[in-house]
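S.K.: Using the numbering used here, the letters of the sequence shown map in sequence onto residues 104 to 259.
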Amino acid sequence: MPNDVLSVSAHCLDNPTCIFTGSDMRIEVVIKNTGSAAVGYPLDYIQQRGPNLRLVDNVSEQSQVLKTGLANHALKRAFTTIAPGQSIALQSIIKHTELLLFRKEFVDVTAEIGVSAGIRIGGGAASDAGEETLPFKGGTSLKIIGRDTLEREAKR
């Protein structure tokens, strides 16, 4: 049930088509309450930690899980309320060096993005230790392609 109340989407900031030009890629992960009750989500914890990111090279199918940051575990119990129909967002960066792990040119990568946390349904921002949290796990993906890859494909 917890996975039915929130949806996860993502997009590249400053570059809506996610074209890799050799610099870091800023992404935004949007978590939307699709249910009928308020949901408490530990936004500050996930923002500090970052989403789970796995890069998959679409040509070789090699993959690499990227490291998450360290976050204060007390923030897991500090909930941000997401009202029905409302969204929250967190930002992250995929470094250019990470996008070049598989090849130095013709980048064609899928970034698999996951967010998992304990949430409260009908829940508020209160951090009462006695209130039960439910596990939530959601994800989405972004296709990131190099400008040189697009140019090569256009010549074919």
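Glycine residues also receive a C-beta, built at the ideal position from the N, C-alpha and C atoms.
#1: Tell me whether N136 is buried or exposed, calling it buried when 16 or more other Cβ atoms sit within 10 Å of its Cβ.
#2: For L169, which of A186, L202, G221 has the nearest alpha-carbon?
#3: In chain order, what residues of the same chain lie with their CB nearer than 7 Å to the CB of Q151, ignoring the 5 residues before and after it?
#4: Could you give the uninterrupted runs of the alpha helix (DSSP H) lying entirely in the stretch 156-205, keeping only those of 4 residues or more?
#5: Using a 10 Å radius around the Cβ and a threshold of 16 neighbouring Cβ atoms, would you call P145 buried or exposed?
#6: Can you tell me where the beta strand (DSSP E) holding T213 begins and where it ends?
#7: Please say whether S195 and V260 have beta carbons closer to each other than 8 Å?
#8: Residues in its own chain within less than 7 Å of F209 by CB, not counting five upstream and five downstream?
#9: Cβ of V111 within 7 Å of any heavy atom in the ligand NAP?
#10: Taking the alpha carbon of E235 as the reference point, which residue from S112, T213, G221 has its own alpha carbon closest?
#11: Throw me the rounded Cβ distance for the E131 and L116 pair, which I believe falls under 8 Å.
M.R.: With the given structure in hand:
#1: Buried, since its Cβ has 16 or more Cβ neighbours within 10 Å.
#2: Relative to L169, the option among A186, L202, G221 whose CA is nearest is L202.
#3: G172, A174, N175, L178
#4: 199-202
#5: buried
#6: 211-224
#7: Nothing can be reported for residue 260, as the shown portion of the chain is limited to 104 through 259.
#8: G249, D251, T252, R255
#9: For the structure depicted, the ligand NAP is absent and the ligand set is empty, with no information on it obtainable.
#10: Ranking S112, T213, G221 by Cα distance to E235 puts G221 first.
#11: Contact holds; Cβ gap of about 5 Å.
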